[in-house]
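*Asks:*
Protein chains: 2
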Amino acid sequence: MNQTAMARSWVEHANGHRDFPLQNLPLGIFSPAGQTPRCGVAIGDAILDLEAVLALGLLEGEAKVAVEATRGGALNAFFALGRGPRVALRERLQALLGEHSAHQQALTSALHAVHACQMHLPAKVGDYTDFYVGIEHARNVGKLFRPDNPLLPNYKHVPIAYHGRASTLRPSGTPVRRPKGQTLPAGHSEPAFGPCARLDYELELGIWIGQGNEMGQAIAIGDAAEHVAGYCLLNDWSARDIQAWEYQPLGPFLSKSFITTLSPWVVTAEALAPFRSAQAPRPEGDPQPLPYLYDERDQAQGALDIELEVLLLTERMRDEGLPAHRLTLSNSRSMYFTVAQMVTHHSVNGCQLQPGDLFGSGTLSGAEPGSFGSLLEITEGGKQPVQLASGEVRTFLEDGDEIILRARCSREGAASIGFGECRGRIVAAN
Amino acid sequence: MNQTAMARSWVEHANGHRDFPLQNLPLGIFSPAGQTPRCGVAIGDAILDLEAVLALGLLEGEAKVAVEATRGGALNAFFALGRGPRVALRERLQALLGEHSAHQQALTSALHAVHACQMHLPAKVGDYTDFYVGIEHARNVGKLFRPDNPLLPNYKHVPIAYHGRASTLRPSGTPVRRPKGQTLPAGHSEPAFGPCARLDYELELGIWIGQGNEMGQAIAIGDAAEHVAGYCLLNDWSARDIQAWEYQPLGPFLSKSFITTLSPWVVTAEALAPFRSAQAPRPEGDPQPLPYLYDERDQAQGALDIELEVLLLTERMRDEGLPAHRLTLSNSRSMYFTVAQMVTHHSVNGCQLQPGDLFGSGTLSGAEPGSFGSLLEITEGGKQPVQLASGEVRTFLEDGDEIILRARCSREGAASIGFGECRGRIVAAN
C-alpha cells in the first residue's frame, strides 16, 4: 500500500467516502445557489470551488493554468490542455486537501455542501459517439434475433459505433420525458403513433476526450490514452418499439435522441490508473486486433476494472420507503475493445476528435442473469417480466420509475473510489 | 412577372448572374485577405460586408439587430432570431443594392471581390443529421441488394435519418483526404486495412435550422417551416468499401465521417419561396403521411423545385483544358418527405433542435440514368464503369478527381438563382 493510497484529508467526511475520497478528485461544473457555473472538485460530500482556491493565491504554474482554462462554465479548454496541467492540478489539490495541509482554514471558505449546489454538464459536447464494445450485451441482444449466431461477422474486428445526438445530453437528475414516435404494433403492417411502450435504460461508461487531432491525422494506438481526459456514467435511454421500426437501414435515431443522461463528475484518467488491468485474453479462435489497433502496453493495462450497478426506484418504493431494486451488477471488463482502441479506430479515417467530445462505451452487460445492462436483455425482449422486491413487476419502464447508475473501483492496496450517481426519473409523455 | 422579380441592381455583374442576382442575397461568413471572419451577402461576383454597411449607418430596427447577431464569425445567433429580422434585413438590402439606391457610392466601399476572399462554414454546427428522403436513391441502392423489393417496409412511413459527424463539416474547396479503414476484400473472411478503394460522392441538399425548440417540446408540422433558416449544397462523401463492412448493425460511421463538404452560402427560405411547389402526389397504393406529418399547406407548397448537377473534373481534364464531365442532373422534387416533415419528425420524440443545426436531405437521385446522385448508383455498385468525355473511365473516384455540385432554380416570372459551388478535390491517403 503506497503513501497516496493511504493519504487522508482534513475534510473528514471524505475519508472512506463511497465515491469521493482524496484519491479521486473528479472535476465538474457546479453552481452554488443563485451563482454562475464554475469548476469544482468533489471531496466527500463537498465541492471545492477552484475559482476560490485561485483567488486565495494557492495555485501557480501549470495548476493555475489548468484552473484558468475552466472558466466560462465548461471544461473544454481544460481538456484541450492535456495531461500535464491536469496532473499538476491534481497533485496540488491532493496536497491542499491532504491532512497535513497548511491551508485548511482558508480552504474551508471555498467548500460548498454538494446538496446546496446544482450540477451541470462538465463540457459543451461537440460530437457524441456511442460505441458497442460490450460484447456480452451484443451477444445477449443478438441471441434474441439469431439464437445460433448472435454476433455479426464484423463484431470482433471493428469497434462498432454510431453517431449520437449531442443536443439532448443532460446531467443526472434531469427528468426523462417519455418519447412519442412511430411504432409497428405486433401483427400490423401499418405503423401507429403514440407514446413509447417499451422504454428502457442502457448502462454505459462515458469517456471524455481531452486533446483532439487535426482532420486527416489519425491518432496512433500508442498515443491514444493521452487523448482521454476522464470518465463518467452514461444512461443511453432507449425506446425499443420506436427503435425496432426506424432503425433499418441507417441505425438508431429518434429511439435514442430524446435524452441521454450523464453523471456530472469527470473521474480523471489519473484517478482510475490504479484500477487498470490487462485486456482479457481473446478466447481461442478469436481474431487478433489488426496492427493499427494493437499496442502491447494497451493490451497489458488498457482495460478498466469498474464495478457497475443499476438500481430501479419505483413510485411505490418511494412512497413506502422501500429500498431500490438492483437490476444490474456488471463490470467494465466486458469491453471487447479498450478505450485506446476506440479512440484510434474513430480517428483512423481522418475524423477529427475535439476536446469535450464524448464517447459511450455501449451497454456493459455480463454473460449471466443479474448482470444484464438493459431490460431488453433482462426480460428477453419483453417476454419475461422481472419481479421486483416491492412485489411489482416490470417488462419495460413505467412513468415514475427512476433509474440510478453507480460505479465503484476497488483494489487491494488502493483507496476505493466511485463516480457519483447518474439518475433519471420517467415523466409521462406530453 | 412582379416588381421584385424584375428588379435590377446597380452592381452590374449581379444582373443575370448565374447564382447571385439581387433576388438571392444569400448570407455567408467570409474573410477579406488577412482580416477576421465576418458576415457578408453575395451579390454577383462580389460580397457585401454587412459590418461595413452597419458602420455606414444604413441599417436600423430589425435589420440592424439581424446584422449585430452575425458577429463572432458564425450565424447561429442570427439563425436564432427567426424569420422576422431575416426578412427585414433582406428587404433593406434589396433596397440598398437595387438600381434606385441612394447609397451606391458609399456601399461600393463595402464590396469585396469574391475571388479575394476566403469563405468559412456559415455556422458552428451543434448537430448534423443526415436524412434519406430521396426515394429514387433509396430505390436505386435497394435494387442492388433486393432487386424485387428495393424499399424497406418503413421507408414510406418514416423519414429515415441518422446522426452525422459535425466536426468534419468543411466549406467548399477543402481538400478531401482519401480515408483509410477496415474493409472486407471480396472472397475473404478476414478484413484488411488500407486506403479506401471505393470512394464516392453523394449529391444532397443541406438545410440550416433557424429557431430551435426546447427538449421535450415537439415542433408541430404547421410550424415547422418557421424553423428553417436556409439551404446549401452538401456532398456526403462516402467510402463504400468501409461502409459495407462496418455498417451492421448500427449504420454508417467512419465511412462518412472523414469529411462532409458544404457550399458556403445560406440561400434563405425567402429567396427560395418562388421555387416552392406542391409535394408530388403519392402514387396509388402508397400510404398517406401519419397525422403528425400531414399539413395541407405543406402538401400544397412544401416541395422545392431545385435543379441539381454534379460535375467531375479529373486531373487530365484540368491538364488538357477539357470541360468537366457531368455525372448527375437531378431535382430536389424527388424528396419523398418535405423539409417541414423532416423537422417535425426529428423533434417528435422531444429531441432538441438548435439554431445552426444542419440536416442533409439524403442523396437526391432521379429514376433514370443520368440523374443518379452517386457513383454507387451510376456504376451499379462498381460493376459498370462510367465512360468520361475525356476518354477516361471511372468506377469510383481517383486521387486528383474534383467533384463540383451546383444548383439552379428557374421559373417563369421569377429571376433564376443558384447556390454557388460545392467543390472538393481528392488527395492521396496519408
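Top line first, the protein sequences correspond to chains A and B.
First residue of the first sequence: 85, per our numbering; consecutive thereafter.
First residue of the second sequence: 85, per our numbering; consecutive thereafter.
Note that beta-carbon positions come from the ideal geometry of N, C-alpha and C, so glycine has one too.
Note down the Cα distance separating R162 of chain A from Q295 of chain A, rounded to an integer number of angstroms.
*Replies:* It is Phe, not Arg, that sits at residue 162 of chain A in the sequence shown. So the two alpha carbons sit approximately 9 Å from each other.
*Asks:* Between the beta-carbon of Q202 of chain B and the beta-carbon of W94 of chain B, is there less than 8 Å?
*Replies:* no
*Asks:* Ends of the beta strand (DSSP E) at W292 of chain B?
*Replies:* 287-293
*Asks:* Could you spell out where the beta strand (DSSP E) holding M203 of chain B opens and where it closes?
*Replies:* Note, M203 of chain B: beta strand (DSSP E), 201-203.
*Asks:* Kindly list, in the order they appear in chain A, the residues whose Cβ is closer than 8 Å to that of L134 of chain B.
*Replies:* In chain order: nothing, as chain A lies at least about 27 Å away.
*Asks:* Between the alpha carbons of H196 of chain A and L165 of chain A, how many angstroms are there, rounded?
*Replies:* 27 Å
*Asks:* What is the C-beta distance between V149 of chain A and L134 of chain A, in whole angstroms, given that I count them as a contact (C-beta under 8 Å)?
*Replies:* The Cβ separation is near 12 Å, so there is no contact.
*Asks:* State the Cα-Cα distance for the pair G118 of chain A and S347 of chain A, rounded to the nearest angstrom.
*Replies:* Their Cα atoms are separated by approximately 22 Å.
*Asks:* For a test of the three-state rule: what should DSSP assign to N319 of chain A, helix, strand or coil?
*Replies:* strand
*Asks:* From D129 of chain B to L406 of chain B, what distance separates their C-alpha atoms?
*Replies:* 24 Å
*Asks:* If you measure beta-carbon to beta-carbon, which residues of the region 221-252 of chain A are closer than 7 Å to chain B?
*Replies:* L236, N238, H241, V242, I244, A245, Y246, H247, G248, R249, A250, S251, T252
*Asks:* Please check the pair P432 of chain A and G265 of chain B, which I expect to be a contact at CB under 8 Å, by giving their CB distance rounded to whole angstroms.
*Replies:* The question names Pro, but residue 432 of chain A is Val in the sequence shown. Their Cβ separation, rounded to whole angstroms, is 6 Å, which keeps V432 of chain A and G265 of chain B in contact under 8 Å.
*Asks:* Compare the Cα-Cα distances from L442 of chain A to each of A:L318, A:I113, A:P121 and report the closest residue.
*Replies:* A:L318
*Asks:* Have a look at L374 of chain A and H221 of chain B and give me their C-alpha separation to the nearest angstrom.
*Replies:* Using only the alpha carbons, I get a separation of about 34 Å.
*Asks:* Given that C341 of chain B touches chain A, what residues does it touch there, using C-beta distances under 7 Å?
*Replies:* For the sequence presented, residue 341 of chain B should be read as Ser rather than Cys. By Cβ distance, chain A contributes N433, C435.
*Asks:* Pick from B:S256, B:S339, B:Y285, B:V351: whose alpha carbon is nearest that of V293 of chain B?
*Replies:* In the sequence under discussion, the amino acid at residue 293 of chain B is Ile, which differs from the Val named in the question. Checking every option, the nearest Cα to that of I293 of chain B belongs to B:V351.
*Asks:* Are the C-beta of M85 of chain B and some C-beta of chain A separated by less than 8 Å?
*Replies:* Per-residue confidence for M85 of chain B stands at a pLDDT of 44, beneath the threshold of 50, marking its modelled position as unreliable; no derived number is given.
*Asks:* If you measure from the beta carbon of E330 of chain A to each beta carbon in chain D, is any gap under 8 Å?
*Replies:* Annotation note: the requested chain D is absent from the structure, which comprises protein chains A and B.
*Asks:* Short of 8 Å in beta carbon distance, which residues of its chain neighbour R495 of chain A, apart from the five on each side in sequence? Order them along the chain.
*Replies:* P358, F359, D389
*Asks:* Report the rounded CA-to-CA distance for I244 of chain A versus H97 of chain B, giving the unit in angstroms.
*Replies:* A direct Cα-Cα distance of roughly 52 Å separates I244 of chain A from H97 of chain B.
*Asks:* Please name the residue in B:S185, B:G141, B:G210, B:Q385 whose C-alpha comes closest to that of P439 of chain B.
*Replies:* B:G210
*Asks:* Whose CA, out of A:G168, A:G504, A:L180, lies closest to the CA of L142 of chain A?
*Replies:* A:L180
*Asks:* What residues of chain A sit near R261 of chain B, judged by a beta carbon separation below 7 Å?
*Replies:* G300, G434
*Asks:* Could you have a look at M85 of chain A and say whether DSSP puts it in helix, strand or coil?
*Replies:* Any answer about M85 of chain A is weak, because its pLDDT of 43 lies below 50 and its placement is not dependable; what the coordinates show is given next. In the structure shown, M85 of chain A sits in coil (DSSP, three-state: anything other than H, G, I, E or B).
*Asks:* Is the shortest distance between the beta-carbon of D211 of chain B and the beta-carbons of chain A less than 8 Å?
*Replies:* yes
*Asks:* Per DSSP, which residues does H247 of chain B bridge with? Please list them.
*Replies:* According to DSSP, which records beta bridges pairwise, H247 of chain B is partnered with B:T213.
*Asks:* For the beta strand (DSSP E) that S113 of chain B lies in, which residues bound it at each end?
*Replies:* The question names Ser, but residue 113 of chain B in the sequence shown is Ile. Taken as a continuous stretch (DSSP letters only), the beta strand (DSSP E) holding I113 of chain B covers 111-116.
*Asks:* Taking a contact to mean a Cβ-Cβ separation below 8 Å, would you say Q385 of chain B touches S361 of chain B in this structure?
*Replies:* In contact: Q385 of chain B and S361 of chain B (Cβ atoms closer than 8 Å).
*Asks:* For E486 of chain A, return the contacting residues in chain B, with the cut-off set at a CB-CB distance below 8 Å.
*Replies:* Those do not exist, as E486 of chain A stays about 17 Å from chain B at its closest Cβ, beyond 8 Å.
*Asks:* Using a Cβ-Cβ distance under 8 Å, would N99 of chain B count as near chain A?
*Replies:* no
*Asks:* Counting along the chain, where does the beta strand (DSSP E) carrying E391 of chain B start and finish?
*Replies:* 391-397
*Asks:* Could one say the Cβ of E274 of chain B lies closer than 8 Å to chain A's Cβ atoms, at least one of them?
*Replies:* Judged by the 8 Å Cβ criterion, E274 of chain B is in contact with chain A.
*Asks:* Given a cut-off of 8 Å, decide if L253 of chain B and I510 of chain B are closer than it, judged by their beta-carbon atoms.
*Replies:* No.
*Asks:* At the 8 Å Cβ level, is S93 of chain B part of the contact set with chain A, yes or no?
*Replies:* no
*Asks:* Could you tell me whether the Cβ of K467 of chain B comes closer than 8 Å to any Cβ of chain A?
*Replies:* With its beta carbon at least 8 Å from every one in chain A, K467 of chain B lies outside the interface.
*Asks:* Looking at Q332 of chain B and N238 of chain A, is the spacing between their C-beta atoms short of 8 Å?
*Replies:* yes
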